[in-house]
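Protein chains in written order, with this note's numbering: chain A, 128 to 643; chain B, 128 to 643. Only one structure is covered here, and it is reproduced in the block below.
Number of protein chains: 2
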Amino acid sequence: MERGLNATREADFANWYQAVVREADLAETSPVRGAMIIKPWGYGIWELIQGELDRRIKATGHQNVYFPLLIPLSFFAKEATHVEGFAKEMAVVTHHRLAVIDGQLTVDPEAKLEEPLVVRPTSETIIGDAFHRWVRSYRDLPLLINQWANIVRWEMRTRLFLRTSEFLWQEGHTAHADREDALAETLRMLEVYRDVAERCLAMPVVTGEKPENERFPGADATYSIEAMMQDGKALQAATSHYLGTSFAEAQNIRYQSETGELRLCHTTSWGITTRLIGGVIMTHGDDDGLRLPPMIAPQQIVIVPILRDRPEDAEVLAYAEGLAAELSGVDAFRQPVRALVDKRPGRSADKRWDWVRRGPPIIVEVGPRDVAAGQVTSIRRDRLWGENERIASTGAPRSEFIAGAAALLAEIQSGLYAEAKARLDGNIRADIRSFDELAAYFGPAAEDDDANEPFKGWVRCTWSKPSGAELDVVEQRLKSLKLTIRNAPLVQPTALGPCLFTGKPGVEEILVARAY
Amino acid sequence: MERGLNATREADFANWYQAVVREADLAETSPVRGAMIIKPWGYGIWELIQGELDRRIKATGHQNVYFPLLIPLSFFAKEATHVEGFAKEMAVVTHHRLAVIDGQLTVDPEAKLEEPLVVRPTSETIIGDAFHRWVRSYRDLPLLINQWANIVRWEMRTRLFLRTSEFLWQEGHTAHADREDALAETLRMLEVYRDVAERCLAMPVVTGEKPENERFPGADATYSIEAMMQDGKALQAATSHYLGTSFAEAQNIRYQSETGELRLCHTTSWGITTRLIGGVIMTHGDDDGLRLPPMIAPQQIVIVPILRDRPEDAEVLAYAEGLAAELSGVDAFRQPVRALVDKRPGRSADKRWDWVRRGPPIIVEVGPRDVAAGQVTSIRRDRLWGENERIASTGAPRSEFIAGAAALLAEIQSGLYAEAKARLDGNIRADIRSFDELAAYFGPAAEDDDANEPFKGWVRCTWSKPSGAELDVVEQRLKSLKLTIRNAPLVQPTALGPCLFTGKPGVEEILVARAY
Numbered sequence: 128m129e130r131g132l133n134a135t136r137e138a139d140f141a142n143w144y145q146a147v148v149r150e151a152d153l154a155e156t157s158p159v160r161g162a163m164i165i166k167p168w169g170y171g172i173w174e175l176i177q178g179e180l181d182r183r184i185k186a187t188g189h190q191n192v193y194f195p196l197l198i199p200l201s202f203f204a205k206e207a208t209h210v211e212g213f214a215k216e217m218a219v220v221t222h223h224r225l226a227v228i229d230g231q232l233t234v235d236p237e238a239k240l241e242e243p244l245v246v247r248p249t250s251e252t253i254i255g256d257a258f259h260r261w262v263r264s265y266r267d268l269p270l271l272i273n274q275w276a277n278i279v280r281w282e283m284r285t286r287l288f289l290r291t292s293e294f295l296w297q298e299g300h301t302a303h304a305d306r307e308d309a310l311a312e313t314l315r316m317l318e319v320y321r322d323v324a325e326r327c328l329a330m331p332v333v334t335g336e337k338p339e340n341e342r343f344p345g346a347d348a349t350y351s352i353e354a355m356m357q358d359g360k361a362l363q364a365a366t367s368h369y370l371g372t373s374f375a376e377a378q379n380i381r382y383q384s385e386t387g388e389l390r391l392c393h394t395t396s397w398g399i400t401t402r403l404i405g406g407v408i409m410t411h412g413d414d415d416g417l418r419l420p421p422m423i424a425p426q427q428i429v430i431v432p433i434l435r436d437r438p439e440d441a442e443v444l445a446y447a448e449g450l451a452a453e454l455s456g457v458d459a460f461r462q463p464v465r466a467l468v469d470k471r472p473g474r475s476a477d478k479r480w481d482w483v484r485r486g487p488p489i490i491v492e493v494g495p496r497d498v499a500a501g502q503v504t505s506i507r508r509d510r511l512w513g514e515n516e517r518i519a520s521t522g523a524p525r526s527e528f529i530a531g532a533a534a535l536l537a538e539i540q541s542g543l544y545a546e547a548k549a550r551l552d553g554n555i556r557a558d559i560r561s562f563d564e565l566a567a568y569f570g571p572a573a574e575d576d577d578a579n580e581p582f583k584g585w586v587r588c589t590w591s592k593p594s595g596a597e598l599d600v601v602e603q604r605l606k607s608l609k610l611t612i613r614n615a616p617l618v619q620p621t622a623l624g625p626c627l628f629t630g631k632p633g634v635e636e637i638l639v640a641r642a643y
Numbered sequence: 128m129e130r131g132l133n134a135t136r137e138a139d140f141a142n143w144y145q146a147v148v149r150e151a152d153l154a155e156t157s158p159v160r161g162a163m164i165i166k167p168w169g170y171g172i173w174e175l176i177q178g179e180l181d182r183r184i185k186a187t188g189h190q191n192v193y194f195p196l197l198i199p200l201s202f203f204a205k206e207a208t209h210v211e212g213f214a215k216e217m218a219v220v221t222h223h224r225l226a227v228i229d230g231q232l233t234v235d236p237e238a239k240l241e242e243p244l245v246v247r248p249t250s251e252t253i254i255g256d257a258f259h260r261w262v263r264s265y266r267d268l269p270l271l272i273n274q275w276a277n278i279v280r281w282e283m284r285t286r287l288f289l290r291t292s293e294f295l296w297q298e299g300h301t302a303h304a305d306r307e308d309a310l311a312e313t314l315r316m317l318e319v320y321r322d323v324a325e326r327c328l329a330m331p332v333v334t335g336e337k338p339e340n341e342r343f344p345g346a347d348a349t350y351s352i353e354a355m356m357q358d359g360k361a362l363q364a365a366t367s368h369y370l371g372t373s374f375a376e377a378q379n380i381r382y383q384s385e386t387g388e389l390r391l392c393h394t395t396s397w398g399i400t401t402r403l404i405g406g407v408i409m410t411h412g413d414d415d416g417l418r419l420p421p422m423i424a425p426q427q428i429v430i431v432p433i434l435r436d437r438p439e440d441a442e443v444l445a446y447a448e449g450l451a452a453e454l455s456g457v458d459a460f461r462q463p464v465r466a467l468v469d470k471r472p473g474r475s476a477d478k479r480w481d482w483v484r485r486g487p488p489i490i491v492e493v494g495p496r497d498v499a500a501g502q503v504t505s506i507r508r509d510r511l512w513g514e515n516e517r518i519a520s521t522g523a524p525r526s527e528f529i530a531g532a533a534a535l536l537a538e539i540q541s542g543l544y545a546e547a548k549a550r551l552d553g554n555i556r557a558d559i560r561s562f563d564e565l566a567a568y569f570g571p572a573a574e575d576d577d578a579n580e581p582f583k584g585w586v587r588c589t590w591s592k593p594s595g596a597e598l599d600v601v602e603q604r605l606k607s608l609k610l611t612i613r614n615a616p617l618v619q620p621t622a623l624g625p626c627l628f629t630g631k632p633g634v635e636e637i638l639v640a641r642a643y
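Spelled out as C-alpha cells, the structure:
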C-alpha cells in the first residue's frame, strides 16, 4: 500500500517529523548553522496565523511598532537577572565593514564598533528605554504595543520550527499603572493565545502559570499555553509574562500618578513564534504527511485536473478553473475560500500524493467523467483512507459540493480539534501519588533527545509549590527523568492532597511531562 | 495665526521634514546609531502599504518565503561585482556569546565564530544558493518568490525613513529560462510599484531605466520609479533589477531545457522600502504637518468629541461612537472605512491640532450642538484653511455625511494625486541644451546636504548614452553640481537632438536632478 511518507510516528517520531517538514515542503535547513529557510507552504501557514493573531492583538487595543534589530551591549548590563538568562546565546555585531585584504574578503579590522551590538534575543531592554521616554503621566497608561520581528538566539541543537537560531515572532510589550492592571493584561493575552491555538490551529492547550524556575529571566510571573504532541510530549506554544516593576526599575519607567506621586510602572511582555508550526505538525500530522486545519491552510481546496494530452484536457481544465472561481466566491470562516487549480505538468496521481503530504483539507480530482456528469469527486485529508486500503473519495453534484464547501471545512476544522482534544484529555494521568510512582511510570529517559520513547502523556499531580533550594531539589529529581513542570493550570480543584515531592500539604496542581 | 508646525517648507525644508516626522509621531531616532523606532502611526502607514503591495505581488504569481538574516561571509566573496558595491557598509557578527569578565558584561573572546556572518544588506547571495538547489528543469521555472524583511546597511549620514542603517523592505527574487521572460518580470514589477505609488500613495512617478553607473551592483539593467519632492528633488522610490546570468553563474543556478541542455537561469530582484514613507511626507506634507492619502491613512476619519466634564458629555460620546460604528460599516476603496473616536483626556482644540499634524484625511468634531441638530461638522485635511485664516469646516446632516464618506475619501485621494501630478509635470524643464545652461540653471550646490536650496525641479535632456570612461566624465561633471541622472524614462520621444554632454547624436532622453 502506497503511503505519503517513508516514515511513521510509531517507528521513529523525530524522523517522522523531519519527513513531514521535508515532504510537505514547509522549510529546510540553510547554510547558516541553525537558521531555517521557510518555504512558501510553511510561510503561508505563518501568514495565516499572523493574520488571525494580529487582528486579535489590535482588537485588544494594541498598536504595532518596529524597534531596531541591534541593541547596544550596555542595555543588557542594566538588567542583571535578564542578562543571566540570555547571556549565553546571542549573536554579537562587532564590526561595520568588510574589506579586501591580501586579495581576501574579510572583516575590516579598522571598522571595529566602539560598543558591540547584540542581535535582539528579545526586545525588553530597547523597548523599555523608549517607554522611559514615552511615559510621563498616568494619562499615558496603559501603553500597549506589539511588534512582529525576527529574533536570534544562538542554539546548539536545532530542529526546524521547534528550535532554530533565528525565528520569527511577535512580542507584545506593555506598561501599566499598577499590578492589577498589568496582571489582567498578562492573562488577557494568554487567553488570546489560547483562542488562536484552539480555534485557528485546532490545537487544544492547557493555560497555566510556570513554576518559579521556568520563569522568563526577570519576570515576576510567567504563564504559558501547553499543547500535547502525538508522542505525548508537551510543547510550550506561547508565553505571557508579568514583569512586575523590575524592568521598570532597571530602565526608569515611571509615571506621575493622579495625586502627583512618581511611581514605577508595572510591565508585561508576551510572544508567540514560528515554533507554532512545529506544534501544528506534531498535533495533526499523520503517516501520510501534514493535515492542516482549514483556518490556517494556505489552500483549503486543491483541484487536480487529470490531464492526458488529449483534446478533452481543455474542457477538464476549464471545469477545474470554473470550480475554483465559484469556490472563491464562497466564504468560510468569514473569508473567501482559498481554492487552487494545480496546473503543473506531471501525473495527476503524483500530484495527488504531493497534496496529501502537504495537507490541504480537501483535494478534488477532476477527470472527463466528472465534467460529463457535472460532479465533483473529493478527498477529505482528515479521513484519507476508506475500505480495502484505498483512498476514500466522495462524488457529489457540483452545485451541492460548492454549497456545502464552507460547512465541510468547518466540520474538518472542528473534527481535527476534537481528535486532538480527546488525545489531550485522555492522556493526563491524575492517579500518581509519589515520586517513585512517577519514575516507574515514565521509566528511565533515553540519552538521545531524538530517541523514540513510548507514549506516556502528562501527569497531573499536587505539589506544595516550594521555592528556592527546595524547588531546585524538585527540579533536579524531575530532570533525572527528563521531566519538567509544564505549568500549574489556571483551573484548579477545590481540594488538594499532599505534595508528591515533599509530602507537605498541597498548594496547587501541576502538569509534569517530557517536553520539546 | 496658529499653525500645526513651528517650521515651514519654504524656510528650511530639511528642518520641516524632521518636524513633520516628530509632530506627526511617525518615528524617532533610537539609541542605536542610524536605526529608527517606527511608532504606531508610522508603522500603521507601512502596514497599509504592505497590504496593498503584498496583494499585488501575490496576484502576479509570487509566493512569500523567509530566508536567514545572517549570511556567511564566503557567500559575498562569490560574486565579485556585488561585493564591490556593498563591501563598505555591512554589520558583521563575529561572536555568538556574551560573558561576564572581571565583573563586566562583554563579548566572550572564546565564542568567536569560525566564519563571520553578515547581517543581510540584501539577500541575492543566500537566495541564489537556494535557487541552485531548487531549480532542476525548465518545469521549475519561472521561480517567483518574495520576502518581507529587515535590512542593515551601515550608513554614516542618516535621516529618518529616507536613509537609515536598518530599514524594512520587501525583496522579490525570481529565476527564468531566458532573458525575455526575466526582463518582462523586471518591468512587470516596476509597473506594480508605479501602480502602488500612484494609486495608493497618490505619489506620481516616472518609470525608467537607470544609467549604467547607477545600476545595482552586478545587474545588467536597473529600473526605477522616481518621484518629485516638494523641494524639487528626486526620490528613488523603488528599483527593479534584471540581473542577467551573472548571479546565476556565480551561484550555479542552471536548468535542463526541454531539449536536454543545461542552461544558466536569468534572474531578477526588486524591492521597495520604508523610505516610501519619507516620500509620502515630502509629497503631501504641508506647513501644518502630514496630509495622508486616504488609502494609506491608519485612520481615515478621526472623531474628536468635545467634552467639558458636563452631563451632556455622555451623549456627545455616544453620538461620536455611533458615528464611528456606522462609518465602519461603509466601504471605501473596497475596505471598511477606518474611523476612530479620540477619547483621550485633554482639550479638544489640542486634540484637533494633534490630528491636523498627523494628517488623517477627515477630522470630525462633535459637540452638543451637533448632537442636538443630528449633524456632523468635518474638516478636510487637504483643504484645511478657509477664509479669514480660519480652519474650514463643513456641516452636514449625519446621514448625508455617512452616505458621502466613501466618495469624499476618494475625492481627497485623487485630489492629492492631482496636486502632486501637476507639480511633477510642471517642473520638468526640457529646454536646456548645454552643460553650461544646466550649471547656470541649477547654480552651485550647497556644501551641506541639508542646506535650503531654491526649488529647481528636474531637467529632461538628451544624451548619447556613453559608457565606461566617457560616462565617468559625465557623472563627475554632474556631481560637481550635486546632480545625478535619475533614469531614462520608458516613454521616449520619437526624435532626439544632440547629446547635452558630448554633442554626439542623442540616443535617449534622461532626467537630471538633485536627489535624496
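Glycine included, every Cβ here is placed at the ideal spot set by N, Cα and C. All of these numbers come straight from a predicted model, not from anything done at the bench.
Per DSSP, Ala-424(B) is not a residue of any beta strand (DSSP E), being assigned neither H nor E. Residues of chain A whose Cβ lies closer than 9 Å to the Cβ of Ser-157(B) are, in chain order, Phe-194, Pro-195, Ile-253, Asp-256 and Ala-257.
Inter-residue distance for Arg-160(B) and Tyr-144(A) is about 43 Å (C-alpha atoms, whole angstroms). Non-local beta-carbon contacts of Lys-185(B) in its own chain, meaning distances under 8 Å to residues more than five positions away in sequence, involve Asn-191 in chain order.
Less than 8 Å divides the Cβ of Ile-423(A) from the Cβ of Leu-175(A). Assignment of beta-bridge partners to Asn-191(A) by DSSP yields Asn-273(A). No residue range can be given for His-223(A), since it is assigned to no beta strand (DSSP E) and is classified by DSSP as neither H nor E. Secondary structure within the segment 136 to 177 of chain B: the beta strand (DSSP E) runs of 3 or more consecutive residues, fully enclosed, are 154 to 156 and 163 to 165 (chain order). For Gly-255(A), the secondary structure class from DSSP, reduced to helix, strand or coil, is helix.
Within the DSSP bridge table, the entry for Tyr-369(B) names Ala-348(B) and Thr-395(B) as partners. Contact with chain B is found for Trp-281(A), since one of that chain's Cβ atoms lies less than 8 Å from the residue's Cβ. By the CB criterion at 8 Å, Trp-585(A) and Ile-612(A) fall outside the cutoff. With its beta carbon less than 8 Å from one in chain B, Tyr-170(A) belongs to the interface. Contact between Val-245(B) and Ile-278(B) is absent: CB atoms are separated by about 11 Å, not below the 8 Å threshold. For Ala-302(B), no CB of chain A lies under 8 Å from its own CB, so it is not counted at the interface with that chain. Going by DSSP, Val-483(A) is part of the alpha helix (DSSP H) stretching over 475 to 485. Residue range 306 to 322 is occupied by the alpha helix (DSSP H) that includes Leu-317(A). In chain order, Pro-167, Tyr-170, Gly-171 and Glu-174 make up the part of chain A whose C-beta sits under 8 Å from the C-beta of Asn-191(B).
Among the CB atoms of chain A, none fall inside 8 Å of the CB of Asn-379(B). A straight-line Cα-Cα distance of about 38 Å links Glu-453(A) and Leu-317(A).
If you draw a straight line from the Cα of Gly-131(B) to the Cα of Arg-507(B), it comes to about 15 Å. Secondary structure in the segment 574 to 609 of chain B: the beta strand (DSSP E) runs of 3 residues or longer, each lying completely within the stretch, are 585 to 590 in chain order.
Not a single CB atom of chain A sits nearer than 8 Å to the CB of Thr-187(B). For Gln-363(B), the number of other beta carbons within 10 angstroms of its own is at least 16, and it is reported as buried. Taking 9 Å as the cut-off between beta carbons, the residues of the segment 219 to 250 of chain B near chain A are Val-219, Val-220, Thr-221, His-222, His-223, Arg-224, Leu-225, Ala-226, Val-227, Gln-231, Leu-232, Thr-233, Val-234, Asp-235, Ala-238, Leu-240, Pro-243, Leu-244, Val-245 and Val-246, in sequence order. The beta-carbon separation of Val-601(A) and Phe-569(A), rounded to 15 Å, does not stay under the 8 Å limit for a contact. Secondary structure at Val-407(A): helix, using DSSP grouped into helix, strand and coil.
A Cβ-Cβ separation of about 5 Å places Asn-379(A) in contact with His-259(A) under the 8 Å criterion.
Going by DSSP, Gly-522(B) is part of the beta strand (DSSP E) stretching over 521 to 524. Apart from sequence neighbours up to five positions away, the residues of its chain that approach Leu-623(B) with a beta-carbon distance below 6 Å are Thr-589 and Gly-633, ordered along the chain.
Bounds of the beta strand (DSSP E) holding Val-333(B) are 332 to 336.
Pro-463(A) is the residue among Leu-605(A), Pro-463(A), Leu-391(A) and Ser-396(A) whose C-alpha sits nearest the C-alpha of Pro-425(A). In chain order, Ile-612 place their CB closer than 6 Å to the CB of Pro-338(A), counting only its own chain and leaving out the 5 sequence neighbours on each side.
Residue environment analysis places Asp-558(A) among the exposed positions, since fewer than 16 neighbouring C-beta atoms fall within 10 angstroms of its C-beta.
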